[in-house]
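> Dropping the structure in here first, questions after.
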Amino acid sequence: MKLKILVGTVTSTAEYVAQAIQMDCADLVDDIEIQLMDGLDITAFDDDALFLICTSTYGAGDVPDNAQRLYDALDMTPKFLGHVRYGVIALGDMGSHAATFCAAGKRFDERLQGLGARRVGEIWCHDASDGSVPEADGVAWCRDWLALAAAA
Ligand SMILES: Cc1cc2nc3c(=O)[nH]c(=O)nc-3n(C[C@H](O)[C@H](O)[C@H](O)COP(=O)(O)O)c2cc1C
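Listed below in structure tokens is the structure:
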């Protein structure tokens, strides 16, 4: 099984989480590829892979600028994604953005579900205001999530 991590980020935290997963979860899958979302369109989901959306939230609950094209493509150039299984890591800040906490990850989830893709497990939300380390917690979550995906 190949894991493809699609990263939406402004200040790279989501990318660091993806890199930590790439290093520390290599024993659980055949291959882990990280792709920044910049410039991607819906064909990013053509691969035979398990997908992990790993994105922060900006503005008032918006996707990061580098994720906007891919997010729009899921609406503007839709196609059936019934072959896609995915998970979501959503980075946000409950302390300063409670009303739109982790909204970008939730938005990607809604669009993917609307196209027939199947989410494995629950969305994992990281709260930057709680003092936890997103890379460490992200790896721990991902190990459990990959086991769930393998068993499904
Ligand atoms: C200007 C600004 C707007 C933000 N808006 C939101 C938001 O609406 N909802 C949320 O949960 N977090 C929000 N955040 C918090 C970021 O999503 C969070 O710090 C995240 O860890 C950043 O990840 P990144 O470095 O990968 O971009 C915002 C942060 C900034 C600086």
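If you're matching positions, the sequence shown starts at -14 in my numbering and goes up one per residue. Cβ atoms here follow ideal geometry from the backbone N, Cα and C, with glycine treated the same way. Here the structure is a predicted model, which is why all the values come from computation and not from measurement.
List the DSSP bridge partners of Arg128.
The count along the sequence shown starts at 1 and reaches residue 128 at position 143. Partner(s): none; Arg128 has no beta bridge.
> Taking DSSP as the reference, what is the three-state secondary structure of Thr34?
Numbered from its first residue, the sequence shown carries residue 34 at position 49. A quick correction: the sequence has Ala, not Thr, at residue 34. Under the three-state reduction of DSSP, Ala34 is assigned to coil, being neither helix nor strand.
> Is the stretch -13 to 5 in contact with the stretch 40 to 50, if contact means three or more CB pairs nearer than 8 Å?
yes
> Can you tell me whether Leu25 sits near ligand 1, meaning its C-beta is under 6 Å from at least one heavy atom of the ligand?
The residue labelled residue 25 in the question sits at position 40 within the sequence shown. Leu25 Cβ: outside cutoff for every heavy atom of ligand 1.
> So the candidates are Gln53, Ala34 and His82; which of them puts its Cα closest to the Cα of Val14?
Taking the sequence shown and counting its residues from 1, one reaches residue 14 at position 29. The shortest C-alpha separation from Val14 is found at Ala34.
> Taking only the alpha-carbon atoms, compute the straight-line gap between Ala121 and Phe36 and give it to the nearest angstrom.
The count along the sequence shown starts at 1 and reaches residue 121 at position 136. The count along the sequence shown starts at 1 and reaches residue 36 at position 51. Between Ala121 and Phe36, the C-alpha separation is close to 20 Å.
> Indicate whether Met79 and Asp26 have their beta-carbon atoms separated by less than 7 Å.
Within the sequence shown, the letter at position 94 stands for residue 79. Within the sequence shown, the letter at position 41 stands for residue 26. In this structure, Asp26 does not lie closer than 7 Å to Met79 by Cβ.
> So who's on the other strand from Glu18, going by DSSP bridges?
Here residue 18 refers to the residue found at position 33 when the sequence shown is read from its first residue. In the DSSP output, where bridge partners are listed per residue, Glu18 has Lys(-11).
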